[in-house]
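Position 107 of the sequence shown, counted from 1, bears residue number 117 in the numbering used here, the numbering being contiguous throughout. Take a look at the structure below.
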Amino acid sequence: MEKIVGKEVTIHFDGSRCIHSRNCVLSRPDVFVPNVKGEWIHPDAAPADVVMHLGYNCPSGAIRVTRNSDNADTDTPPIVNTVRVRENGPLAIEGELDIAGATGSVRATLCRCGQSKNKPYCDGSHHAAGFEASGEPSVQEFQTLESRDGVVKVKPLPNGPLNIEGNLEVVSGTGATTNKVTKTFLCRCGHSKNKPYCDGSHAKVGFEAP
Ligand code: SF4
Ligand code: FES
11 MEKIVGKEVT IHFDGSRCIH SRNCVLSRPD VFVPNVKGEW IHPDAAPADV
61 VMHLGYNCPS GAIRVTRNSD NADTDTPPIV NTVRVRENGP LAIEGELDIA
111 GATGSVRATL CRCGQSKNKP YCDGSHHAAG FEASGEPSVQ EFQTLESRDG
161 VVKVKPLPNG PLNIEGNLEV VSGTGATTNK VTKTFLCRCG HSKNKPYCDG
211 SHAKVGFEAP
């Protein structure tokens with residue numbers, strides 16, 4: 011974990027969570043300078059609010075920004091918990107997360123191709139694996155949730171799916187709400203015929219994961 015203290019904001023960067031979506035370096039290449047040796051994060055290169063937005067827009071939770079004056083924190087739970095299904099890529103989840111007992115983060119990208127070396131997190135392996143999966147899952151019949159926020163527990167089941175418990179809206183890549191759940195099982199082996207949900211295929215393909 012890197013921590014770079016600027017005049018107004020502090021940037022915390024966890025490289026093990028970065029999926030190289032490049033939102034940061036494309037939005038503000040002066041704050042996150044790509045392809046340089048040595049110091050590449052410059053919190054004072056943009057106004058504090060702009061740097062805060064870079065934190066909110068990092069899908070993996072690799073970037074967290076805190077404001078020095080009042081400790082405002084981009085790791086603040088959202089009003090609506092969501093999991094966004096990325097075309098040919100991971101599941102981008104937002105909520106008050108408890109991932110295999112690890113709490114404190116509100117954004118994460120979870121492997122759904124089965125190839126990550128950093129499970130349950132995505133490490134970008136879907137690119138090399140040529141993973142193909144729609145970001146537009148079919149719309150399910152769903153009920154309005156009584157509450158849309160709160161803790162979302164993500165429990166990776168050994169050799170099986172992600173067991174999810176908590177208020178969660180399943181959102182397509184283009185922003186359509188396709189389901190609202192309080193409990194579901196999401197495929198992480200890459201083989202379900204009913205993605206993003208588990209259909210039991212992990213057993214047939216001999217999926218192995220802790
Ligand atoms: S995942 Fe976050 S830190 Fe990594 S490239 Fe994307 S925006 Fe930047
Ligand atoms: S985890 Fe992929 S089908 Fe169950």
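Quick reminder that beta carbons are idealized off the backbone N, C-alpha and C, glycines included.
Nearest-angstrom beta carbon gap, residue j and residue i [assumed within contact, 8 Å]
i	j	result
T92	E106	With a Cβ gap of about 12 Å, T92 and E106 do not count as contacting.
T84	R74	6 Å
C34	L64	5 Å
T194	Y207	7 Å
D159	I89	6 Å
S115	P69	Contact flag wrong, Cβ pair sits at about 12 Å.
N98	A143	6 Å
E156	S182	The Cβ separation is near 23 Å, so there is no contact.
T76	P53	Wrong, their Cβ atoms sit about 10 Å apart, outside the cutoff.
Outcome for residue i when other beta-carbon atoms lying within 10 angstroms are tallied against a minimum of 16
i	result
E179	buried
N6	Past the edges of the chain, shown from 11 to 220, lies residue 6, and the structure says nothing about it.
D133	buried
P171	buried
K205	buried
S126	buried
F23	buried
V96	The residue asked about is misnamed: residue 96 is Arg in this sequence, not Val. That one is buried.
L36	exposed
R2	Within the shown structure, residues of the chain are numbered from 11 to 220, placing residue 2 beyond reach of any answer.
M11	exposed
P166	buried
T154	exposed
A213	exposed
A6	As displayed, the chain neither begins before 11 nor continues past 220, which places residue 6 out of reach and without an answer.
S202	buried
P44	exposed
Beta-ladder partner(s) of residue i, from DSSP
i	result
E142	Paired residues: none, contrary to the question.
K193	E175
K165	N173
L101	V95, L120
V15	T20
T113	D108
D83	T76
V181	R94, T187
F152	F152 pairs with nothing; no bridge assigned.
I51	F42
Residue i: first and last residue of the uninterrupted alpha helix (DSSP H) it sits in
i	result
V215	211-215
V90	Premise fails: V90 is in no alpha helix (DSSP H) and is neither H nor E.
V60	58-66
Terminal residues of the beta strand (DSSP E) in which residue i lies
i	result
V35	Counting along the chain, V35 falls outside any beta strand (DSSP E), though it belongs to the alpha helix (DSSP H) covering 33-37.
T76	73-77
Any residue whose CB is nearer than 6 Å to a heavy atom belonging to the ligand SF4, listed in chain order: C28, I29, H30, S31, R32, N33, C34, C68, P69, S70, A72, I73
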